[in-house]
Amino acid sequence: MNRQALNDLLALGEGFTTEFKKAGTSGLGREICAFANATGGVILIGVTDAGEVVGVADHNKLKSDVQATARSAEPPIAVEVESAGEVLCVTVPAQHSKPYSFGGKFYLREGASSQQMSRQEIREFFYREGLIHFDETPCERFSLEEDLTDEAWATFRRRARIPAEMPPLNALKNLHLLTEDGRMTHAGAWLLARDIQKFSISADVACALFMGTDKVHILDRRGFHGDVYSMIDEVMAWLLSKLNVAYIIRHVKREERPELPEEALREAVVNALVHRDYRSTANVHVYVFKDRVEVVSPGGLPAGMSEADLGIKSIPRNPLLFGMLHRMEAVEHIGSGIRRIRRLCSEYGVAEPEIEVSPHWFVLRFPRPVVAEEASQARPGPDATEVGDQAGTKSAPSRLQVGTKSALSRHQVAILVKCHEDQGITELMAVAGRSDRTKFRNQVLAPLLEEALLEMTIPDKPRSSKQRYRLTEHGRRYLEEHAPEPNDKDA
Numbered sequence: 070m071n072r073q074a075l076n077d078l079l080a081l082g083e084g085f086t087t088e089f090k091k092a093g094t095s096g097l098g099r100e101i102c103a104f105a106n107a108t109g110g111v112i113l114i115g116v117t118d119a120g121e122v123v124g125v126a127d128h129n130k131l132k133s134d135v136q137a138t139a140r141s142a143e144p145p146i147a148v149e150v151e152s153a154g155e156v157l158c159v160t161v162p163a164q165h166s167k168p169y170s171f172g173g174k175f176y177l178r179e180g181a182s183s184q185q186m187s188r189q190e191i192r193e194f195f196y197r198e199g200l201i202h203f204d205e206t207p208c209e210r211f212s213l214e215e216d217l218t219d220e221a222w223a224t225f226r227r228r229a230r231i232p233a234e235m236p237p238l239n240a241l242k243n244l245h246l247l248t249e250d251g252r253m254t255h256a257g258a259w260l261l262a263r264d265i266q267k268f269s270i271s272a273d274v275a276c277a278l279f280m281g282t283d284k285v286h287i288l289d290r291r292g293f294h295g296d297v298y299s300m301i302d303e304v305m306a307w308l309l310s311k312l313n314v315a316y317i318i319r320h321v322k323r324e325e326r327p328e329l330p331e332e333a334l335r336e337a338v339v340n341a342l343v344h345r346d347y348r349s350t351a352n353v354h355v356y357v358f359k360d361r362v363e364v365v366s367p368g369g370l371p372a373g374m375s376e377a378d379l380g381i382k383s384i385p386r387n388p389l390l391f392g393m394l395h396r397m398e399a400v401e402h403i404g405s406g407i408r409r410i411r412r413l414c415s416e417y418g419v420a421e422p423e424i425e426v427s428p429h430w431f432v433l434r435f436p437r438p439v440v441a442e443e444a445s446q447a448r449p450g451p452d453a454t455e456v457g458d459q460a461g462t463k464s465a466p467s468r469l470q471v472g473t474k475s476a477l478s479r480h481q482v483a484i485l486v487k488c489h490e491d492q493g494i495t496e497l498m499a500v501a502g503r504s505d506r507t508k509f510r511n512q513v514l515a516p517l518l519e520e521a522l523l524e525m526t527i528p529d530k531p532r533s534s535k536q537r538y539r540l541t542e543h544g545r546r547y548l549e550e551h552a553p554e555p556n557d558k559d560a
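Residues in the sequence shown are numbered consecutively from 70, following my numbering.
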């Protein structure tokens with residue numbers, strides 16, 4: 070270390086990565102250990118707490134003592150020791166074998182001081198560094214007698230492709246879902262749960278549909294709290310029911326194209342449930358706004374990963390749960406989540422999701438194609454695009470007619486379903502997630518009335534405050550012939 074670098078450290082004073090010691094090696098092991106358990110740092114021996122240089126004698130002997138102190142840590146800590154004038158500089162690089170202890174105690178850097186860790190802090194440190202995985206720890210609330218029911222086992226066995234003749238406890242032990250002393254792990258409890266909140270109170274998924282671009286007006290709210298595998302499917306069914314879908318008629322076959330790629334959204338939901346921090350008191354959130362879809366997972370990035378690593382490497386926070394979901398084929402490609410999501414969005418022709426990372430949250434934000442949504446709910450003009458079955462073939466083209474009876478938007482279909490009973494315009498706007506009454510009338514409601522799929526209860530007074538809308542016989546036939554499955558009623 071040259072003189073200028075030393076002067077800079079002295080000018081900055083003591084802090085998270087810098088410690089001053091007046092003389093000797095008393096307490097040095099504690100400081101080295103604390104830096105090793107943090108991000109590394111520099112100890113300047115021969116400097117008072119006030120930053121005054123007093124120097125030390127016999128640098129060679131002191132260097133030897135410092136190295137001996139560092140080597141006596143468990144495990145030994147590699148340090149760099151050099152002289153800078155009268156001062157001895159001890160550099161503790163960032164270490165990769167955490168945690169380190171000295172004299173049987175663990176220390177951690179807190180601000181400008183080194184503190185001994187409590188039992189709870191040690192436990193938290195181990196979790197944070199990925200040395201203990203919560204999904205592998207025993208779930209004390211799970212009772213093999215009460216919770217491992219025949220129904221739960223049959224479902225789990227089928228999903229995990231376990232031979233029918235294999236006894237449940239043998240299979241669970243072989244899959245490491247039971248601990249050595251026969252207790253169910255958290256991963257096993259989450260996969261066998263009827264209600265996951267019995268075992269981890271915040272392990273559920275909260276979903277919400279909002280009217281606009283903020284969280285002021287909630288149109289729909291759902292919570293899912295079954296087992297992890299079931300929650301993936303349930304969340305996806307809810308999410309897809311809230312998105313616009315183009316119905317493309319190709320000859321006699323109708324294709325559905327959601328506005329965002331289903332596989333990418335599913336990968337995001339799976340990642341949120343697999344990689345979340347289950348010790349957190351927060352749950353996974355799925356938000357649908359007018360302009361975006363957000364999948365929010367508690368816990369930030371696992372230890373050893375930075376935002377730059379996303380799409381390049383994967384470090385599962387819950388490796389046992391991750392491995393089981395891969396066995397169940399809920400996770401298709403190990404270690405390719407973000408990369409695969411980006412590729413799927415690119416191939417689908419929509420914007421890649423934005424990523425927001427903080428120490429406590431991980432957010433995937435999918436921009437919704439708002440312009441396309443508005444267009445899909447408008448009536449087509451004479452220049453509507455013709456789309457063939459396959460580019461370059463001679464097959465007769467079919468017409469993508471968005472907003473008419475041959476290809477209604479998902480919201481329009483949901484409105485037809487809703488109108489089996491008389492409905493007011495406010496209720497129908499909520500179904501479509503619209504806040505502009507005029508645009509809703511012109512773009513969504515008018516085509517349904519003109520195609521005689523809906524009718525007014527007071528046709529002589531179209532703008533009456535008592536006006537209601539109901540399904541016509543023609544509309545009923547349309548639903549029988551063209552509508553999606555009944556679960557679209559929640560759209």
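Cβ coordinates follow ideal geometry from the N, Cα and C atoms, glycine included.
Selected residue, minimal CA-CA separation from residue i, among the options
| i | options | result |
| --- | --- | --- |
| S310 | H344, A277, A147 | A277 |
| S182 | F85, I265, K242, P528 | F85 |
| A258 | D289, F211, A229, F293 | F211 |
| M300 | L342, I317, R290, T160 | L342 |
| H245 | C158, S534, T206, H480 | T206 |
| K487 | L548, E88, S533, F431 | L548 |
| I112 | V148, E215, L329, H480 | V148 |
| P236 | K91, T254, L217 | L217 |
| E215 | D264, L485, I231 | D264 |
| D505 | K359, D529, A240, L260 | K359 |
| A420 | S366, V362, M397 | V362 |
| A74 | H128, L379, S152, Q184 | S152 |
| V357 | E328, R348, W430, A351 | E328 |
| K90 | P330, C158, L517 | C158 |
| R503 | F279, Q492, P367 | F279 |
| A137 | R348, P367, H429, G98 | G98 |
| L78 | A103, V122, N243, C102 | V122 |
Boundaries of the alpha helix (DSSP H) in which residue i is found, first to last residue
| i | result |
| --- | --- |
| Y417 | 406-417 |
| P516 | 515-519 |
| I101 | 97-106 |
| I484 | 479-487 |
| G257 | 255-261 |
| A80 | 72-81 |
| G392 | 388-396 |
Cβ-based burial, residue i [other Cβ within 10 Å; buried from 16]
| i | result |
| --- | --- |
| S478 | buried |
| N387 | buried |
| Q481 | buried |
| H294 | buried |
| K130 | exposed |
| E88 | buried |
| A315 | buried |
| P145 | exposed |
| D204 | buried |
| L485 | buried |
| Q164 | buried |
| A262 | buried |
| S187 | exposed |
| G115 | buried |
| P385 | buried |
| T117 | exposed |
Where the beta strand (DSSP E) containing residue i begins and where it ends
| i | result |
| --- | --- |
| K90 | 87-90 |
| E354 | Glu is not the amino acid found at residue 354; the sequence shown has His there. Taken as a continuous stretch (DSSP letters only), the beta strand (DSSP E) holding H354 covers 353-357. |
| V306 | Per the sequence presented here, residue 306 reads as Ala, with Val not at that position. Not the beta strand (DSSP E): A306 falls in the alpha helix (DSSP H), residues 297-310. |
| A277 | 274-279 |
| V432 | 430-436 |
| M525 | 523-525 |
| E151 | 149-153 |
| P367 | 361-367 |
Neighbourhood of residue i by C-beta distance below 7 Å, restricted to the same chain and skipping five residues each side
| i | result |
| --- | --- |
| G82 | G120 |
| H543 | A521, L522 |
| E336 | G406, R409, I410 |
| V400 | V339, V343, F391, L394 |
| L241 | L247, G257 |
Close beta carbons around residue i, own chain, < 6 Å, minus the five adjacent residues each side
| i | result |
| --- | --- |
| P162 | G109 |
| A444 | The predicted model places A444 with a pLDDT of 43, which falls under 50 and marks its position as unreliable, so this point remains unresolved. |
| D107 | As written in the sequence, residue 107 is Ala, which differs from the Asp given in the question. Around A107: R178. |
| A501 | H480, V513 |
| E143 | S170 |
| W222 | P237 |
Interface flag, residue i vs chain D, CB-CB below 8 Å
| i | result |
| --- | --- |
| T350 | In the structure shown, chain D cannot be found, because there is only a single protein chain. |
Residue i beta carbon near the ligand FAD (any heavy atom closer than 7 Å)
| i | result |
| --- | --- |
| N106 | Judged by which ligands are present, the structure shown has none, so any question about the ligand FAD falls away. |
Close-in-space but distant-in-sequence residues of the same chain around residue i (CB under 8 Å, 5 per side omitted)
| i | result |
| --- | --- |
| I60 | This structure gives no information on residue 60, because the portion of the chain shown stretches from 70 to 560. |
| Y298 | R228, L260, L394, M397, A399 |
| query | Can you list the alpha helix (DSSP H) stretches of 4 or more residues lying completely in the region 160-238, in chain order? | reply | 188-197, 213-216, 219-228
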